[in-house]
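Going down the list, the protein sequences come from chains A and B. Each number in my numbering comes from the position in the first sequence (counting from 1) with 5 added on. Each number in my numbering comes from the position in the second sequence (counting from 1) with 646 added on. As structure tokens, the structure follows; a few thoughts come after it.
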Amino acid sequence: NAGVTQTPKFQVLKTGQSMTLQCAQDMNHEYMSWYRQDPGMGLRLIHYSVGAGITDQGEVPNGYNVSRSTTEDFPLRLLSAAPSQTSVYFCASSYPTGTGELFFGEGSRLTVL
Amino acid sequence: AQSVTQLGSHVSVSEGALVLLRCNYSSSVPPYLFWYVQYPNQGLQLLLKYTSAATLVKGINGFEAEFKKSETSFHLTKPSAHMSDAAEYFCAVSRGGSQGNLIFGKGTKLSVKP
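Written as structure tokens, this is what we have:
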């Protein structure tokens, strides 16, 4: 069982470039989310989705877009990268009911120069 | 609104000593509470969770946590630290109403000295 898979694991961008972080899960979880992790800040929610075709903003959504066309995939798009978006990004998924336990991917480390 | 406070961004213990990592929460609804562990360059792994079934929760790797409603606390403990416990630990609370939508504390980095 692969669980939650994120690609790429590492990426370096120049300011203004665009890119997509991919996230896929094979657990048939309805709920998926993206967090960013910065030193001393913990994890902050960027966007989340409760099912295919439904997305919503978290705490820090500016500069990021998401879509959810299938249950399995939840890509995160940076349209015009900025140095402030240098971070480690984690995708997570969960069942829509129950305790809300999150299952995490291994993370994508992004550097914006 | 829900929130989580972890006291101490860095805790250092000797191998074999007690580990105590502190977490206080605020929640307007009965909370679901979680502790996650992150080893270097890895994702987050669930250590244990409180779901209102029992106030003392046992997790993996010998860790446990006690839910104390009167103190709004959910501190993580382990009787005897091992070198392999060195990692960053995150406490989290469910936002309620949006399953899987967790609010995380800022993390506590645990160092274990030989």
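Just so you know, even glycine gets a beta-carbon here, dropped at the ideal spot from N, CA and C. Being a predicted model, the structure only gives us computed values, none of them experimental.
* Could you have a look at residue 708 of chain B and say whether DSSP puts it in helix, strand or coil? => In the structure shown, residue 708 of chain B falls within a helical segment according to DSSP collapsed to helix, strand and coil.
* Check distances from the C-beta atoms of the stretch 659-672 of chain B to those of chain A and list, in chain order, the residues that come in under 8 Å. => Residues: none.
* Residue ranges of each beta strand (DSSP E) run of no fewer than 3 residues wholly in the stretch 55-92 of chain A, ordered along the chain? -> Note on the stretch 55-92 of chain A: whole beta strand (DSSP E) runs with a minimum of 3 residues are 59-62, 69-71 and 81-83, in chain order.
* To do: For residue 111 of chain A, go through chain B and note every residue whose CB falls closer than 7 Å to its CB, in chain order.
  => What residue 111 of chain A touches in chain B: 688 and 689.
* Is any beta-carbon of chain B found at less than 7 Å from that of residue 105 of chain A? -> Chain B, which has a Cβ nearer than 7 Å to the Cβ of residue 105 of chain A, makes this yes.
* Asked: In the DSSP assignment, what residue or residues form a beta bridge with residue 47 of chain A?
  -> Paired residue(s): A/43.
* Burial state of residue 62 of chain A, where buried means 16 or more other Cβ atoms lie within 10 Å -> Exposed is the call here.
* **Of the residues B/740, B/691 and B/757, the one placed nearest residue 671 of chain B, counting alpha carbons only** => It is B/740 whose Cα lies nearest to the Cα of residue 671 of chain B.
* Asked: In angstroms, rounded to a whole number, what distance separates the CA positions of residue 11 of chain A and residue 731 of chain B?
  -> When rounded, the separation of the alpha-carbon atoms in residue 11 of chain A and residue 731 of chain B is 25 Å.
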